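The UniProt record's numbering numbers the first residue of the sequence shown as 1 and each following residue consecutively.
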Amino acid sequence: MIDLAVLQQGLAMLASPWTFLALSAGLAGGILIGALPGLTATMAVAVLAPFTFFMEAAIGIPFLLGIYKGAIYGGSIPAILVNTPGTAAAAATARDGYALTQQGKSRKALELSLYSSVVADFLATLILIMVAIPLASIAIRFGSSEFALLYLIALTMIATVSGESFLKGLIAAGLGLLVASIGLDPMSGYQRFTFGNTDLLGGVSLIPLLIGMFALSEILMQLTHPPERTHDAGQAVEHGGERLKWAEFWALRPTILRSTSLGTFLGSLPGLGAEIACWIAYGLARGRSREPEKFGKGSLEGLAAAESGNNAVVPAALIPMTVFGIPGDTITAVLIGALMAQGMMPGPLLIQQNPGFLFGLFLVLLVTNVLLLIFGLAAIRWLKQVTRIPPTVLYPCVLLLCVCGAYAVNSSTFDLLILVVGGGLGYVMRRTHFPIAPLIIGLLLGPGFESAVRQSLVFSNGSLAIFWSRPGSLILLILLALVIFTMAWRGLVKAGVIRKRSNSHPPKSNNT
């Protein structure tokens, strides 16, 4: 039960005009950023996060959440109008959304995208509110051995689902753990991998590295390998056509509810972001549809499934962050850094030490759904012109924000070097198809994982039995084994070492 003081604190946070203004500005800016092809939600949150360090937590965190939600939705606008997804999470939206535009039904497609997004976001937010506190009451009882195994499960899952290659995912996660070890040893105080540089004694600055690996590397990719646009993308697209009818939207409720449930489940798993959820939800809807032949040709089911799936991920990704302190995706990884900069520790301690702030955050998320509907209707009318901004104007502005954001964290020129190195490393990883997400989340989880393992071994006098002697540890260890076995099996099947069992039977002989 929430006591009266917590309720009052949460309502006071929601009632603050500065909180409402920050949330509104973040949401509007996020929709605008999402509507600009080439700018991702992760880039936007990473670049703007340092500017929130100088704000109160009740202002800065809602601002970043508004950007997160707005950018995921905003990517659907250019996907529908010009067949150029504003974000990777809107890639599946473009298939049926642009087909509807070609049929003169752009308004119907944009309205369906907005309504599906709002419903999915609202339902996933309710699930977050219902499960976060009960799960945190369990997590608060975890010891160091349970947290060590939980971190290891998260790292394994992220490494296996964040790229095409299981090996590349593991290498990226391992590199993240290596980068996390730079600085002073937390127990002995010895220097590790600093090479005599005093700027590295506190470790690698997280936010400049994030900005470099996501924003700067994206700029380099866009400059060296600009995305191919369809021949219609440069032409003016008139917004019009018939509006979405209530009967049409109501008929799509099974698809929306199914895709929302799937997106919520996938979002609550570490490493599975909206980019993956949109395609899985789209594929499931096509498999369950009575008219699968219409998918890719202007199917309302396909559009609703893609938008419901990717927008449900946003609140769901906050579940592992608020409950266990584990980022659900790369954007929540940035949010963890922003919370830590505000003096808050994500995880069960966040609920225990800052219950009023967390309750206020839940209320903010619900209000965001109403604002998303209002701002989305305005965006449908006005943002069709945004897609025509030339890259020669757009990317220099983004680069300036990258430099300012990286420098603003510590007012250190060394952070600018981290920005450049991170941008170069991110660019090389993208070109060689190494996933960036395992590296970043490995960097975030590295200190906690190391601390949990070493504390467990100290408590047990070096005995590994502590990792299966407690019931919670044993359950997590079995879960870890299942995850590793499942991923190894999939890898062997994909490599052709193990053949899938065929459902077909050999034809019977007709010999008499």
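The beta-carbon is built from N, C-alpha and C at its ideal position, and this holds for glycine as well.
All of these numbers come straight from a predicted model, not from anything done at the bench.
Those residues which DSSP pairs with glycine 183 across a bridge: Stepping through the sequence shown from its first residue, residue 183 is reached at position 183. BP columns for glycine 183 point to Arg192.
Three-state secondary structure assigned by DSSP to aspartate 96: Walking along the sequence shown from the start, residue 96 turns up at place 96. Helix at aspartate 96.
Of the listed residues Gly376, Ile219 and Gln352, nearest to valine 119 (C-alpha basis): The residue you call residue 119 lines up with position 119 of the sequence shown. Checked all of Gly376, Ile219 and Gln352; the closest Cα to valine 119 is Gly376.
Where alanine 378 falls, given that 16 or more other Cβ within 10 Å makes a residue buried: Translated into positions along the sequence shown, residue 378 becomes position 378. Its Cβ having fewer than 16 others within 10 Å, alanine 378 is exposed.
Local conformation of glutamine 342 per DSSP, three classes: Residue mapping note: residue 342 aligns to position 342 of the sequence shown, counting from 1. Correct three-state label for glutamine 342: coil.
Member of Ala465, Ala406, Ile441 and Pro471 whose CA lies at the smallest distance from the CA of leucine 152: As a position in the sequence shown, residue 152 is number 152, starting the count at 1. With distances taken between Cα atoms, leucine 152 lies closest to Ile441.
Burial state of serine 188 (16 or more Cβ within 10 Å): Translated into the one-based positions of the sequence shown, residue 188 becomes position 188. Serine 188 comes out exposed.
With 16 other Cβ atoms within 10 Å as the buried cut-off, status of methionine 130: One-based indexing of the sequence shown puts residue 130 at position 130. The residue in question, methionine 130, is exposed, as its Cβ has fewer than 16 Cβ neighbours within 10 Å.
Buried versus exposed call for lysine 69 [16 or more other C-beta atoms within 10 Å across all chains shown]: Along the sequence shown, read from residue 1 onward, the residue named residue 69 stands at position 69. Per the 10 Å Cβ criterion, buried.
Cβ-Cβ separation, serine 456 to phenylalanine 449 (assumed contact under 8 Å), whole Å: To locate residue 449, count along the sequence shown from 1; it is residue 449. To locate residue 456, count along the sequence shown from 1; it is residue 456. Wrong, their Cβ atoms sit about 11 Å apart, outside the cutoff.
Buried or exposed by the 16-neighbour rule on C-beta atoms within 10 Å, applied to asparagine 197: Position 197 of the sequence shown holds residue 197. It is exposed - the Cβ of asparagine 197 has fewer than 16 other Cβ atoms within 10 Å.
Within the stretch 441-491, ranges of the alpha helix (DSSP H) (whole runs, at least 4 residues): 466-469
For aspartate 415, the three-state DSSP class (helix, strand or coil): Counted from its first residue, the sequence shown places residue 415 at position 415. Note: aspartate 415 maps to helix in three-state DSSP.
CA-to-CA distance, glycine 360 to leucine 126, given in whole angstroms: The count along the sequence shown starts at 1 and reaches residue 126 at position 126. The count along the sequence shown starts at 1 and reaches residue 360 at position 360. Whole-angstrom Cα-Cα distance: 14 Å.
Rounded C-alpha distance that separates arginine 288 from valine 393: Position 288 of the sequence shown, counting from 1, holds the residue named residue 288. Position 393 of the sequence shown, counting from 1, holds the residue named residue 393. Those two C-alpha atoms are separated by around 44 Å.
Pair within 8 Å by beta-carbon distance, isoleucine 436 and methionine 429: In the sequence shown, the residue the question calls residue 436 occupies position 436. In the sequence shown, the residue the question calls residue 429 occupies position 429. Cβ distance < 8 Å, so isoleucine 436 and methionine 429 count as in contact.
Closer than 8 Å to chain C by CB, tyrosine 115: The structure shown has no chain C; it contains just one protein chain.
C-alpha gap between glutamine 103 and glutamate 56, whole angstroms: Indexing the sequence shown from 1 puts residue 103 at position 103. Indexing the sequence shown from 1 puts residue 56 at position 56. So the alpha carbons of these two residues sit roughly 48 Å apart.
Enclosing alpha helix (DSSP H) for asparagine 197 [first to last residue]: Taking the sequence shown and counting its residues from 1, one reaches residue 197 at position 197. Where asparagine 197 is concerned, there is no enclosing alpha helix (DSSP H), given that its DSSP letter is neither H nor E.
Proximal residues to glutamate 64 (C-beta, below 8 Å), its chain only, five neighbours per side dropped: Locating residue 64 in the sequence shown gives position 64, where the first residue counts as 1. Checking the sequence, you will find leucine at residue 64 rather than glutamate. Excluding residues within five positions, the ones whose Cβ falls inside 8 Å are Gly26, Val45, Leu48, Ala49, Thr52, Val334, Leu335 and Ala338.
Assigned exposure category for lysine 108 - 16 Cβ within 10 Å defines buried: In the sequence shown, the residue the question calls residue 108 occupies position 108. It counts as buried.
Straight-line gap, isoleucine 171 to leucine 155 (C-alpha atoms, nearest Å): Counted from its first residue, the sequence shown places residue 171 at position 171. Counted from its first residue, the sequence shown places residue 155 at position 155. So the two alpha carbons sit approximately 11 Å from each other.
Backbone secondary structure at asparagine 410 - three-state DSSP: As a working note, residue 410 is residue 410 in the sequence shown. Asparagine 410: helix per DSSP, three-state reduction.
Phenylalanine 362 burial status per 10 Å Cβ neighbour count (16 or more: buried): For the purposes of this step, residue 362 is identified with residue 362 of the sequence shown, where counting begins at 1. Its Cβ being crowded by 16 or more others within 10 Å, phenylalanine 362 is buried.
Residues near leucine 100 in its chain [Cβ-Cβ closer than 6 Å; skip 5 each side]: Along the sequence shown, read from residue 1 onward, the residue named residue 100 stands at position 100. Contacts found: Ala109 and Gly298.
Proximity of glutamate 293 and threonine 255 at Cβ, strictly below 8 Å: Numbered from its first residue, the sequence shown carries residue 293 at position 293. Numbered from its first residue, the sequence shown carries residue 255 at position 255. Result no, Cβ atoms of glutamate 293 and threonine 255 do not sit closer than 8 Å.
Assigned secondary structure, leucine 425 (DSSP; H/G/I helix, E/B strand, else coil): For the purposes of this step, residue 425 is taken as the residue at position 425 of the sequence shown. Residue state, collapsed to three classes: helix.
Residue closest to asparagine 83, alpha-carbon to alpha-carbon, out of Leu32, Pro186 and Tyr98: The residue you call residue 83 lines up with position 83 of the sequence shown. With distances taken between Cα atoms, asparagine 83 lies closest to Tyr98.
Nearest-angstrom Cα separation, counted from alanine 306 out to phenylalanine 20: Counted from its first residue, the sequence shown places residue 20 at position 20. Counted from its first residue, the sequence shown places residue 306 at position 306. Cα-Cα distance, rounded: 29 Å.
Straight-line gap, glycine 423 to proline 208 (C-alpha atoms, nearest Å): Counting from one through the sequence shown, the residue named residue 423 turns up at place 423. Counting from one through the sequence shown, the residue named residue 208 turns up at place 208. Roughly 10 Å separates the two Cα atoms.
Where valine 237 falls: helix, strand or coil (DSSP): As a position in the sequence shown, residue 237 is number 237, starting the count at 1. Low confidence applies to valine 237: its pLDDT is 45, below 50, so where it sits in the model is not reliable enough to give any reading.
Top-ranked residue by Cα proximity to alanine 28, from Leu372, Ser117 and Trp18: Start at 1 with the first residue of the sequence shown, and residue 28 comes out as number 28. The option with the nearest alpha carbon to alanine 28 is Leu372.
Rounded separation between glutamine 191 and glycine 75 - CA only: Translated into positions along the sequence shown, residue 191 becomes position 191. Translated into positions along the sequence shown, residue 75 becomes position 75. Going from the Cα of glutamine 191 to the Cα of glycine 75 covers about 44 Å.
Reference valine 398; option with closest CA among Ile138, Gln222, Trp18 and Gly66: Position 398 of the sequence shown, counting from 1, holds the residue named residue 398. Of the candidates Ile138, Gln222, Trp18 and Gly66, the one whose C-alpha sits nearest the C-alpha of valine 398 is Gln222.
Beta-carbon proximity check, alanine 71 vs alanine 41, cutoff 8 Å: Numbered from its first residue, the sequence shown carries residue 71 at position 71. Numbered from its first residue, the sequence shown carries residue 41 at position 41. Cβ atoms of alanine 71 and alanine 41: closer than 8 Å.
First and last residue of the uninterrupted alpha helix (DSSP H) at serine 217: To locate residue 217, count along the sequence shown from 1; it is residue 217. Segment 217-224, the alpha helix (DSSP H) holding serine 217.
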